[in-house]
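Engineer: Numbering (the numbering used here), first residue to last: -14 to 57. Attaching a single structure in C-alpha coordinates format; questions to follow.
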(Lines of atoms letter the chains of each structure in order from A and count residues from 1; the text may use other names and numbers.)
(Lines give C-alpha, C1' and ligand atoms only; values in the text may rest on other atoms or scores of the structure.)
Protein backbone atom coordinates (compact mmCIF):
# COMPACT_ATOMS: atom_id res chain seq x y z
CA UNK A 1 0.00 0.00 0.00
CA UNK A 2 1.07 3.54 -0.72
CA UNK A 3 0.55 4.59 2.89
CA UNK A 4 2.98 1.93 4.10
CA UNK A 5 5.56 2.93 1.50
CA UNK A 6 5.30 6.58 2.54
CA UNK A 7 5.79 5.63 6.18
CA UNK A 8 9.05 3.94 5.19
CA UNK A 9 10.47 7.22 3.90
CA UNK A 10 8.82 9.74 6.22
CA UNK A 11 10.11 10.47 9.71
CA UNK A 12 7.87 8.94 12.39
CA UNK A 13 6.51 12.32 13.48
CA UNK A 14 5.04 12.76 9.96
CA UNK A 15 3.37 9.34 9.72
CA UNK A 16 -0.02 10.81 10.62
CA UNK A 17 -0.03 12.55 7.20
CA UNK A 18 0.72 9.35 5.26
CA UNK A 19 -2.91 8.34 4.76
CA UNK A 20 -3.95 11.59 3.08
CA UNK A 21 -0.72 11.89 1.10
CA UNK A 22 -1.15 8.31 -0.15
CA UNK A 23 -4.54 9.22 -1.60
CA UNK A 24 -3.05 12.08 -3.61
CA UNK A 25 -0.11 9.93 -4.69
CA UNK A 26 -2.31 7.08 -5.93
CA UNK A 27 -4.78 9.37 -7.67
CA UNK A 28 -1.83 10.99 -9.43
CA UNK A 29 -1.21 7.79 -11.40
CA UNK A 30 -4.59 7.61 -13.12
CA UNK A 31 -7.71 5.54 -12.69
CA UNK A 32 -7.54 1.78 -13.28
CA UNK A 33 -11.32 1.48 -13.39
CA UNK A 34 -11.87 4.14 -16.02
CA UNK A 35 -8.49 3.48 -17.65
CA UNK A 36 -7.76 7.15 -18.10
CA UNK A 37 -5.30 9.84 -17.14
CA UNK A 38 -5.98 13.55 -17.28
CA UNK A 39 -5.45 16.94 -15.74
CA UNK A 40 -7.22 15.91 -12.53
CA UNK A 41 -4.64 13.20 -12.02
CA UNK A 42 -1.81 15.63 -12.69
CA UNK A 43 -3.33 18.00 -10.14
CA UNK A 44 -3.56 15.18 -7.59
CA UNK A 45 0.16 14.49 -8.00
CA UNK A 46 0.97 18.19 -7.64
CA UNK A 47 -1.12 18.22 -4.46
CA UNK A 48 0.93 15.25 -3.22
CA UNK A 49 4.12 17.27 -3.76
CA UNK A 50 2.55 20.33 -2.10
CA UNK A 51 1.55 18.16 0.85
CA UNK A 52 5.10 16.89 1.21
CA UNK A 53 6.31 20.49 1.38
CA UNK A 54 3.49 21.51 3.73
CA UNK A 55 4.27 18.84 6.33
CA UNK A 56 8.00 19.54 6.13
CA UNK A 57 9.08 16.33 4.40
CA UNK A 58 10.53 18.53 1.66
CA UNK A 59 12.22 21.83 2.46
CA UNK A 60 12.39 25.08 0.51
CA UNK A 61 15.79 24.03 -0.83
CA UNK A 62 14.12 20.99 -2.45
CA UNK A 63 11.86 23.01 -4.79
CA UNK A 64 14.10 22.84 -7.86
CA UNK A 65 14.92 19.17 -7.30
CA UNK A 66 11.24 18.29 -6.86
CA UNK A 67 10.49 19.63 -10.32
CA UNK A 68 13.66 18.59 -12.12
CA UNK A 69 13.87 15.07 -10.71
CA UNK A 70 10.18 14.26 -10.83
CA UNK A 71 9.25 15.84 -14.14
CA UNK A 72 12.43 15.27 -16.12
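Glycine included, each C-beta is placed from N, C-alpha and C at the ideal position.
Tell me whether the stretch -13 to 7 and the stretch 25 to 39 touch, counting them as touching only if at least three CB pairs, one residue from each stretch, are closer than 8 Å.
Structural biologist: Contact between the stretch -13 to 7 and the stretch 25 to 39 is present, because at least three Cβ pairs lie under 8 Å.
Engineer: Give me the Cα-Cα distance between residue 55 and residue 31, rounded to the nearest whole angstrom.
Structural biologist: So the two alpha carbons sit approximately 11 Å from each other.
Engineer: Just the Cα atoms here: how many angstroms apart are residue 22 and residue 16?
Structural biologist: The alpha-carbon atoms of residue 22 and residue 16 are separated by roughly 7 Å.
Engineer: Counting along the chain, where does the alpha helix (DSSP H) carrying residue -9 start and finish?
Structural biologist: First-last of the alpha helix (DSSP H) with residue -9: -13 to -6.
Engineer: If we ignore side chains and look at the alpha-carbon of each, how far apart do residue 42 and residue 52 end up?
Structural biologist: So the alpha carbons of these two residues sit roughly 15 Å apart.
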